[in-house]
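K.L.:
Structure provided below as structure tokens; questions to follow.
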Amino acid sequence: MEFLEHLNWRYATKAMNGEKIADDKIERILEAVRLAPTSSGLQPFEVLVVKGEELKNKIMPVANNQTVIRDCSHLLIFAAWDNYTEERITDTFKSMYAVRGFSEKWDEYRQFLIKSYANRPAEVNYNHAAHQAYIAFSFAIAAAATEKVDATPIEGFNPEALDELLGLKEQGFKSVLLLPLGYRDTEKDWLITMKKARKTKEELIKELD
Numbered sequence: 434m435e436f437l438e439h440l441n442w443r444y445a446t447k448a449m450n451g452e453k454i455a456d457d458k459i460e461r462i463l464e465a466v467r468l469a470p471t472s473s474g475l476q477p478f479e480v481l482v483v484k485g486e487e488l489k490n491k492i493m494p495v496a497n498n499q500t501v502i503r504d505c506s507h508l509l510i511f512a513a514w515d516n517y518t519e520e521r522i523t524d525t526f527k528s529m530y531a532v533r534g535f536s537e538k539w540d541e542y543r544q545f546l547i548k549s550y551a552n553r554p555a556e557v558n559y560n561h562a563a564h565q566a567y568i569a570f571s572f573a574i575a576a577a578a579t580e581k582v583d584a585t586p587i588e589g590f591n592p593e594a595l596d597e598l599l600g601l602k603e604q605g606f607k608s609v610l611l612l613p614l615g616y617r618d619t620e621k622d623w624l625i626t627m628k629k630a631r632k633t634k635e636e637l638i639k640e641l642d
């Protein structure tokens, strides 16, 4: 019930007041991102954490000049792999082996994944990686709510321009999502007084026998 109360508290904040988030809260939100499930446990994305005012001001114009970019405490940028490669998959499995120990079965699965992804176009693989970033993105939003930290999910930005600004293409990444984190401006946020509106359970959820 407490978790649902946190979800009812949160909303897509439209104006933030510039107040800084405590380091321990940010660490817990980022840990939730790290623990989020992904396909085959590959975690095919990175999360860039922007705190500096200068860089936030450079990013704002490529995100439709949304002021939450400028006024947030921390801006999270979710950037997905532009493709699945043998090197990336193998490096991830090496990290798994370091924790779990080597397993013939897992190594067979690694080889299966390499063959599966190698036969698909890079754009298809990128789209799959981006979907994994969305899962972690949702965990960040929920974790922020439990910390009473406001978050604004943003898809409305120019990914090509942001990738160029941050040099992501050269690193083999593409930006997918932005998540400003901070605290609501109670005087400037036009959405703050509006009730949460969602479909009813009956409209949204269908049970099948």
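Residue numbers (this note's numbering): 434 to 642. Yeah, the Cβ is synthetic: ideal placement off N, Cα and C, and Gly gets one too. Quick caveat, the model's predicted, so the values are computed rather than measured.
Can you say whether M449 is buried or exposed, counting buried as having 16 or more other CB atoms within 10 angstroms of its CB?
P.N.:
Sequence index remark: in the sequence shown, residue 449 carries index 16 (1-based). Classification for M449: buried.
K.L.:
Within its chain, find whatever has a CB closer than 8 Å to the CB of L440; leave out the 5 residues flanking it on each side and keep chain order.
P.N.:
Within the sequence shown, residue 440 is the residue found at index 7, counting from 1. Closer than 8 Å at the Cβ level, and outside the excluded window around L440, lie A575 and A578.
K.L.:
Consult DSSP for W514 and reduce its assignment to one of helix, strand or coil.
P.N.:
Mapped onto the sequence shown, residue 514 falls at position 81. If DSSP states are grouped into helix, strand and coil, W514 belongs with the strands.
K.L.:
Can you grab the Cα-Cα spacing for the pair S549 / I492, in whole Å?
P.N.:
The residue labelled residue 549 in the question sits at position 116 within the sequence shown. The residue labelled residue 492 in the question sits at position 59 within the sequence shown. Going from the Cα of S549 to the Cα of I492 covers about 36 Å.
K.L.:
Would you call the region 529-543 in contact with the region 619-637, where contact means no fewer than 3 C-beta pairs closer than 8 Å?
P.N.:
Judged by Cβ distances under 8 Å, the region 529-543 makes no contact with the region 619-637, as fewer than three pairs qualify.
K.L.:
Could you give the first and the last residue of the continuous beta strand (DSSP E) run that contains S608?
P.N.:
The residue you call residue 608 lines up with position 175 of the sequence shown. S608 -> beta strand (DSSP E) spans F606 to G615.
K.L.:
Can you tell me whether DSSP reads F478 as helix, strand or coil?
P.N.:
As a first step, residue 478 must be located in the sequence shown, where it is residue number 45. Looking at F478 - three-state DSSP - the assignment turns out to be strand.
K.L.:
Alpha carbon to alpha carbon, how far is K602 from E588? Give it in angstroms, no decimals.
P.N.:
For this step, residue 588 is matched to residue 155 along the sequence shown. For this step, residue 602 is matched to residue 169 along the sequence shown. Each residue's Cα considered, the two are about 19 Å apart.
K.L.:
Sort S608, R467, Y517 and P494 by Cα distance to A551 and report the nearest one.
P.N.:
By 1-based counting over the sequence shown, the position of residue 551 is 118. Nearest option by C-alpha distance: Y517.
K.L.:
Considering only their Cβ atoms, is the gap separating W514 from A503 smaller than 9 Å?
P.N.:
Taking the sequence shown and counting its residues from 1, the one referred to as residue 503 is at position 70. Taking the sequence shown and counting its residues from 1, the one referred to as residue 514 is at position 81. First, the amino acid is wrong: residue 503 is Arg here, not Ala. Their beta carbons are not under 9 Å apart, which means R503 does not touch W514 by this criterion.
K.L.:
Pull up the distance between the alpha-carbon of K629 and that of T525, whole angstroms please.
P.N.:
Against the sequence shown, residue 629 aligns to sequence position 196. Against the sequence shown, residue 525 aligns to sequence position 92. In a straight line, the C-alpha of K629 is about 40 Å away from that of T525.
K.L.:
Using a Cβ-Cβ cutoff of less than 8 Å, which residues in the same chain neighbour Y542 once the five nearest sequence positions on both sides are dropped?
P.N.:
Position 109 of the sequence shown holds residue 542. Hits under 8 Å: S473.
K.L.:
For the alpha helix (DSSP H) that contains Y559, what are its first and last residues?
P.N.:
The sequence position of residue 559 within the sequence shown is 126, counting from 1. Run containing Y559: A555 to T579, per the alpha helix (DSSP H) assignment.
K.L.:
Kindly indicate the opening and closing residues of the alpha helix (DSSP H) around S536.
P.N.:
Residue mapping note: residue 536 aligns to position 103 of the sequence shown, counting from 1. Unbroken run through S536: none, as it is neither H nor E.
K.L.:
V480 and A584: beta carbons closer than 9 Å?
P.N.:
Start at 1 with the first residue of the sequence shown, and residue 480 comes out as number 47. Start at 1 with the first residue of the sequence shown, and residue 584 comes out as number 151. The answer is no: Cβ separation not under 9 Å.
K.L.:
Whose CA, out of T471, R443 and E438, lies closest to the CA of R617?
P.N.:
Counting from one through the sequence shown, the residue named residue 617 turns up at place 184. Cα-wise, what sits closest to R617 is R443.
K.L.:
Going by the DSSP bridge assignment, what does A551 pair with across the sheet?
P.N.:
Counted from its first residue, the sequence shown places residue 551 at position 118. In DSSP, A551 forms no bridge with anything.
K.L.:
Determine the direct distance from the alpha carbon of T446 to that of F604, and round the result to whole angstroms.
P.N.:
The residue labelled residue 604 in the question sits at position 171 within the sequence shown. The residue labelled residue 446 in the question sits at position 13 within the sequence shown. Checking the sequence, you will find Gln at residue 604 rather than Phe. Taking the straight line from one Cα to the other gives about 31 Å.
K.L.:
Taking Y559 as the reference, which of P494, G600 and F511 has the closest Cα?
P.N.:
Here residue 559 refers to the residue found at position 126 of the sequence shown. Comparing Cα-Cα distances from Y559 to each of P494, G600 and F511, the minimum goes to F511.
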